[in-house]
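Trainee: Pasting a structure below so you can have a look.
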Amino acid sequence: MRYAVVLAGGAGRRLWPLSRQGRPKQLLPLIMGKSLLELAVDRLGTLFDRQNILIVTGAEYAPQVAEAFPDLPAQNIIGEPTGRDTANAIGLAAFVVARRDPEATMAIFAADHIIRPAGAFTDCVSRACHTAEQYPDSLVTFGVKPNWPHTGLGYIHRGQRIDDSVYQVRAFKEKPDHFTARRYVESGEYYWNSGMFVWRTPTIIEHLRRFLPDSAQKLEQAAASDDLAHALEGIYPALEKISIDFAVMEKAPNVIVVELPCEWLDVGSWPALAEVSEIDEEGNAVVAAYSALLDSERNVIVSGEDDHLIAVLGLDDCIVVHSKDATLLCNKNESQRLKEL
Numbered sequence: 233m234r235y236a237v238v239l240a241g242g243a244g245r246r247l248w249p250l251s252r253q254g255r256p257k258q259l260l261p262l263i264m265g266k267s268l269l270e271l272a273v274d275r276l277g278t279l280f281d282r283q284n285i286l287i288v289t290g291a292e293y294a295p296q297v298a299e300a301f302p303d304l305p306a307q308n309i310i311g312e313p314t315g316r317d318t319a320n321a322i323g324l325a326a327f328v329v330a331r332r333d334p335e336a337t338m339a340i341f342a343a344d345h346i347i348r349p350a351g352a353f354t355d356c357v358s359r360a361c362h363t364a365e366q367y368p369d370s371l372v373t374f375g376v377k378p379n380w381p382h383t384g385l386g387y388i389h390r391g392q393r394i395d396d397s398v399y400q401v402r403a404f405k406e407k408p409d410h411f412t413a414r415r416y417v418e419s420g421e422y423y424w425n426s427g428m429f430v431w432r433t434p435t436i437i438e439h440l441r442r443f444l445p446d447s448a449q450k451l452e453q454a455a456a457s458d459d460l461a462h463a464l465e466g467i468y469p470a471l472e473k474i475s476i477d478f479a480v481m482e483k484a485p486n487v488i489v490v491e492l493p494c495e496w497l498d499v500g501s502w503p504a505l506a507e508v509s510e511i512d513e514e515g516n517a518v519v520a521a522y523s524a525l526l527d528s529e530r531n532v533i534v535s536g537e538d539d540h541l542i543a544v545l546g547l548d549d550c551i552v553v554h555s556k557d558a559t560l561l562c563n564k565n566e567s568q569r570l571k572e573l
């Protein structure tokens, strides 16, 4: 059987002040009145049975996630007591899935991506699932063909062709400098690392036991408990905080990449919202019920309050975000300093 796991942890500090300690970014209705998490689950609806879609989120957000998805079984909402990065979140989900179906195929997705068109995404995920089942000892990842030398993403160096749009992975590359990123793009041999995966559940568990044995042992014991939340509270804070890329993917001997022929955007910051929102004639991205802009260009204007008017006069290349109890005003090129603020 096939399962999908959506990773929806993180506080989303780069989307402050709408994203707060008690209101994570993945639940904010920023795209056509829907949250990023809703869009992620909707994308999977034609591929996976709703009973087989799991969401891993922070324990404090689990009630909000459950409320947003009343059709998902309660046990499919898994709350982490604290964030310990993707290796532990994926490992936890793997042992939970294995308890239901030890031979399951398992696909991993992030909650903060915009991927379109939907049809191409569906075809690609189906191909990746088939590839993971055809080569059960492999780990399958998705590579996005880069259209510019992005220095904020990791890259995948593809190797020998296996099938249409399916290749062996030669190497993973960390975030490069501009010159190196440009060389990657010009070569045509590199993909952006999407952070999405498909594998047989026994295969990822085997790799976790090999490369992250302490976490694997503790997560397996917790997943076997009849009170998962209580079991996680006892072991989770002490787990090594590490990403699945560092823990497993860069060490695994047999990794396959499937080309994802889609527009793929990581909506992790306010400037990124402009790439997925409607733009007015002056280049402004406005997500607000009421706004008035005059002689203002290329701004991102967001309001979390339905009855609040945002008025902007003579302002260019800025971000204005209003919430009930806090307001942000900054230049676009300073938005990456929000964590510092």
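Each residue of the sequence shown is one higher than the one before, starting from 233 at the first, in the numbering used here.
Note that the Cβ used here is the ideal one computed from N, Cα and C, for glycine as well.
Take every Cβ of the stretch 432-451, pair it with every Cβ of the stretch 333-345, and state whether three or more of those distances are shorter than 8 Å.
Mentor: Yes, the stretch 432-451 touches the stretch 333-345.
Trainee: So within the stretch 261-328, which uninterrupted alpha helix (DSSP H) runs reach at least 4 residues, ignoring any that extend past its ends?
Mentor: Within the stretch 261-328, the complete alpha helix (DSSP H) runs of at least 4 residues are 268-276 and 294-300.
Trainee: Between alanine 506 and the rest of its own chain, which residues show a CB-CB distance below 7 Å, the 5 nearest in sequence each way excluded?
Mentor: Once the five neighbours on either side are set aside, the close Cβ partners of alanine 506 are Ala517 and Val532.
Trainee: Please report the residue range of the alpha helix (DSSP H) in which cysteine 361 lies.
Mentor: Unbroken alpha helix (DSSP H) run through cysteine 361: 350-366.
Trainee: May I ask you to verify whether the stretch 301-321 touches the stretch 280-291, counting CB pairs closer than 8 Å and requiring at least 3?
Mentor: At 8 Å Cβ cutoff, the stretches touch.
Trainee: Would you mind sorting glutamate 312 into buried or exposed? The rule is 16 or more other CB atoms within 10 Å of its CB.
Mentor: It counts as buried.
Trainee: When the Cα atoms are used, what is the spatial distance from leucine 269 to isoleucine 310?
Mentor: Each residue's alpha carbon lies about 14 Å from the other.
Trainee: Where does serine 419 fall in DSSP's three states?
Mentor: Helix at serine 419.
Trainee: For asparagine 563, does the count of other Cβ atoms within 10 angstroms reach 16, so buried, or fall short, so exposed?
Mentor: The residue is exposed, with fewer than 16 neighbouring Cβ atoms inside 10 Å.
Trainee: Only counting the same chain, and skipping five residues up and downstream in sequence, which positions put a Cβ closer than 7 Å to that of glutamine 400?
Mentor: Closer than 7 Å at Cβ, skipping near neighbours: Gly391, Gln392, Ile394 and Ile488.
Trainee: Which residues in the same chain as histidine 410 place their Cβ atom closer than 7 Å to its Cβ, once the five residues preceding and following it in sequence are excluded?
Mentor: Answer for histidine 410: Pro381 and Thr383, listed in chain order.
Trainee: Enumerate in chain order the residues of its own chain whose CB-to-CB distance from arginine 402 is below 7 Å, with the five nearest sequence positions on each side excluded.
Mentor: Closer than 7 Å at Cβ, skipping near neighbours: His389, Arg390 and Gly391.
Trainee: With valine 534 and alanine 520 assumed to form a contact (beta carbons below 8 Å), what rounded beta-carbon distance in angstroms separates them?
Mentor: Yes, valine 534 and alanine 520 are in contact; Cβ-Cβ is about 6 Å, under 8 Å.
Trainee: Looking at the structure shown, is serine 457 part of a helix, part of a strand, or coil, going by DSSP?
Mentor: Coil.
Trainee: Which residues in the same chain have their Cβ closer than 6 Å to the Cβ of alanine 524, if we skip the five residues on either side of it in sequence?
Mentor: Ala543.
Trainee: Which residues does DSSP pair with glutamine 400 in a beta bridge?
Mentor: DSSP, once it has assigned bridges, lists Ile488 as partnering glutamine 400.
Trainee: If you count every other CB in all the chains shown that lies within 10 Å of the CB of methionine 428, and 16 or more means buried, which is it?
Mentor: Per the 10 Å Cβ criterion, buried.
Trainee: Who are tyrosine 387's beta bridge partners in DSSP?
Mentor: The partner list for tyrosine 387 (beta bridge, DSSP) reads Lys405 and Trp424.
Trainee: Using a Cβ-Cβ cut-off of 7 Å (strictly less than) and excluding sequence neighbours within five positions of valine 273, which residues of its own chain qualify?
Mentor: Counting only Cβ-Cβ distances below 7 Å, and skipping sequence neighbours, we find Val238, Ile285 and Phe301.
Trainee: Do the stretch 345-364 and the stretch 239-255 touch if we need at least three Cβ pairs shorter than 8 Å?
Mentor: Touching, no.
Trainee: Taking asparagine 425 and phenylalanine 404 to be in contact with their CB atoms under 8 Å, please state how far apart those CB atoms are, rounded to whole angstroms.
Mentor: Indeed they touch by this definition, with Cβ atoms about 7 Å apart.
Trainee: What beta strand (DSSP E) runs, 3 residues minimum, are completely inside the stretch 512-555?
Mentor: Runs of the beta strand (DSSP E) inside the stretch 512-555: 517-519, 522-526, 532-535, 541-545 and 550-554.
Trainee: Is aspartate 557 helix, strand or coil by DSSP?
Mentor: Residue state, collapsed to three classes: coil.
Trainee: I need the straight-line Cα distance from aspartate 548 to leucine 561, nearest angstrom please.
Mentor: If I take the Cα positions, the gap works out to 12 Å.
Trainee: Inspect the beta-carbon positions of alanine 454 and alanine 461 and report whether they are closer than 7 Å.
Mentor: Cβ distance not < 7 Å, so alanine 454 and alanine 461 don't count as in contact.
Trainee: Leaving out five residues before and five after alanine 326 in sequence, what residues of the same chain have Cβ atoms less than 6 Å from its Cβ?
Mentor: Hits under 6 Å: Thr433, Ile436 and Ile437.
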